[in-house]
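Data block below; observations after.
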Amino acid sequence: MELTRVIHKPILTEKTNLLQGQNTYTFEVDYAANKYQIKNAVEFIFQVKVEAVNTIKVDKKAKRLGRFNGFTNRYKKAMVTLKDGYVINFYPNEEENKAQVEAEKEAKAKEEKAKNLAKEAQLEAKLSAKKAKSATKISTKTVRKTVARSGKEA
73 MELTRVIHKP
83 ILTEKTNLLQ
93 GQNTYTFEVD
103 YAANKYQIKN
113 AVEFIFQVKV
123 EAVNTIKVDK
133 KAKRLGRFNG
143 FTNRYKKAMV
153 TLKDGYVINF
163 YPNEEENKAQ
173 VEAEKEAKAK
183 EEKAKNLAKE
193 AQLEAKLSAK
203 KAKSATKIST
213 KTVRKTVARS
223 GKEA
């Protein structure tokens, strides 16, 4: 069996994430693969040294979708323990991405703050112009005389 076809995918769950702290990684592997093939495949693909391999055959389970009955697929799970000093990084740029996202958030916040300050300044200018305009209207307002229909002033 080819080494690249032995490992199907990593199994990433809460439990396996806890095991990664103990340097144990979990993979779904080919059902016919043995421990030696799994060890060689992990060492070849990830360039690490394997200390131990434990395998589990997971049986199929009965499932229903509405009125249709079926089964999930059976598969083999391999729990690979690495030697000290070796790590498999499933999220290669996680730290870089976090820093980049944080920098983008800060830039957006600064930009938003600048926009808000510009809007506030614009509103202040409008209000002061309105007040000045209303003050000039009051001072230039002419007084109307009321005249009765007969033509006499009231």
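Under the numbering used here, the residues of the sequence shown are numbered 73 to 226, in order.
Glycine included, each C-beta is placed from N, C-alpha and C at the ideal position.
Model, not experiment: these values are computed from the prediction.
Between V78 and A113, the beta carbon gap of about 4 Å places them in contact (Cβ cut-off 8 Å).
Within the segment 107–175, the alpha helix (DSSP H) runs of at least 4 residues that lie entirely inside it are, in chain order, 107–118. Ranked by how close their Cα comes to the Cα of F118, the residues K133, P82, A134, Q172 have P82 in first place.
According to the DSSP secondary-structure assignment, Y97 is paired through a beta bridge with V152.
Counting the other Cβ atoms within 10 Å of the Cβ of L154 gives 16 or more, which makes it buried.
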